[in-house]
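In our numbering, the protein residues as written are 18 to 84.
Shown next as C-alpha coordinates:
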(Lines of atoms letter the chains of each structure in order from A and count residues from 1; the text may use other names and numbers.)
(Lines give C-alpha, C1' and ligand atoms only; values in the text may rest on other atoms or scores of the structure.)
Protein backbone atom coordinates (compact mmCIF):
# COMPACT_ATOMS: atom_id res chain seq x y z
CA UNK A 1 0.00 0.00 0.00
CA UNK A 2 1.58 3.24 -1.16
CA UNK A 3 0.20 6.44 0.36
CA UNK A 4 2.54 8.84 -1.46
CA UNK A 5 2.71 7.81 -5.13
CA UNK A 6 3.60 11.33 -6.33
CA UNK A 7 6.86 11.24 -4.34
CA UNK A 8 8.22 8.09 -5.93
CA UNK A 9 11.49 8.80 -7.66
CA UNK A 10 13.43 6.65 -10.08
CA UNK A 11 17.04 7.25 -9.11
CA UNK A 12 19.54 7.35 -11.92
CA UNK A 13 23.33 7.46 -11.73
CA UNK A 14 24.86 10.55 -13.30
CA UNK A 15 27.04 10.33 -16.36
CA UNK A 16 30.68 9.44 -15.84
CA UNK A 17 31.92 12.87 -16.98
CA UNK A 18 29.52 14.58 -14.56
CA UNK A 19 30.81 12.51 -11.65
CA UNK A 20 34.43 13.18 -12.62
CA UNK A 21 33.73 16.91 -12.93
CA UNK A 22 32.04 16.94 -9.52
CA UNK A 23 35.00 15.12 -7.94
CA UNK A 24 37.45 17.61 -9.47
CA UNK A 25 35.39 20.56 -8.26
CA UNK A 26 35.27 19.08 -4.74
CA UNK A 27 39.03 18.54 -4.80
CA UNK A 28 39.76 22.11 -5.88
CA UNK A 29 37.40 23.55 -3.27
CA UNK A 30 39.15 21.58 -0.50
CA UNK A 31 42.57 22.50 -1.93
CA UNK A 32 41.68 26.20 -2.01
CA UNK A 33 40.31 26.20 1.55
CA UNK A 34 43.44 24.40 2.76
CA UNK A 35 45.63 26.86 0.85
CA UNK A 36 43.92 29.85 2.47
CA UNK A 37 44.09 28.28 5.94
CA UNK A 38 47.78 27.54 5.35
CA UNK A 39 48.53 31.12 4.35
CA UNK A 40 46.60 32.62 7.26
CA UNK A 41 47.46 30.24 10.08
CA UNK A 42 50.40 28.18 8.91
CA UNK A 43 54.15 28.44 9.19
CA UNK A 44 55.94 28.87 5.87
CA UNK A 45 58.74 26.42 5.17
CA UNK A 46 61.15 25.85 2.32
CA UNK A 47 63.87 23.29 1.87
CA UNK A 48 65.75 21.78 -1.05
CA UNK A 49 62.90 19.47 -2.04
CA UNK A 50 59.64 21.24 -1.22
CA UNK A 51 57.92 24.46 -0.31
CA UNK A 52 54.68 24.92 1.60
CA UNK A 53 52.93 25.66 4.86
CA UNK A 54 52.99 23.66 8.08
CA UNK A 55 49.74 23.69 10.05
CA UNK A 56 49.78 23.22 13.80
CA UNK A 57 47.51 24.16 16.65
CA UNK A 58 44.01 25.50 16.04
CA UNK A 59 44.23 25.92 12.23
CA UNK A 60 45.13 22.24 11.85
CA UNK A 61 42.40 21.21 14.28
CA UNK A 62 39.73 23.23 12.43
CA UNK A 63 40.91 21.87 9.08
CA UNK A 64 40.55 18.30 10.36
CA UNK A 65 37.05 19.10 11.63
CA UNK A 66 36.13 20.64 8.28
CA UNK A 67 37.19 17.55 6.38
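Glycine residues also receive a C-beta, built at the ideal position from the N, C-alpha and C atoms. No experiment lies behind these values; they were computed from the predicted model shown.
Reference residue i; option with closest CA among the options
{"i": "residue 57", "options": "71, 47, 64", "result": "71"}
{"i": "residue 82", "options": "67, 61, 50", "result": "50"}
{"i": "residue 54", "options": "32, 27, 77", "result": "77"}
Neighbour-count burial assignment, residue i, 16 or more Cβ in a 10 Å radius
{"i": "residue 59", "result": "buried"}
8 angstroms CB neighbourhood of residue i in its chain, flanking five on each side removed
{"i": "residue 84", "result": "47"}
{"i": "residue 67", "result": "none"}
Assumed close pair residue i, residue j - CB separation to whole angstroms, cut-off 8 angstroms
{"i": "residue 62", "j": "residue 69", "result": "6 angstroms"}
Contact set for residue i: own chain, Cβ-Cβ below 7 angstroms, skip 5 residues either direction
{"i": "residue 42", "result": "none"}
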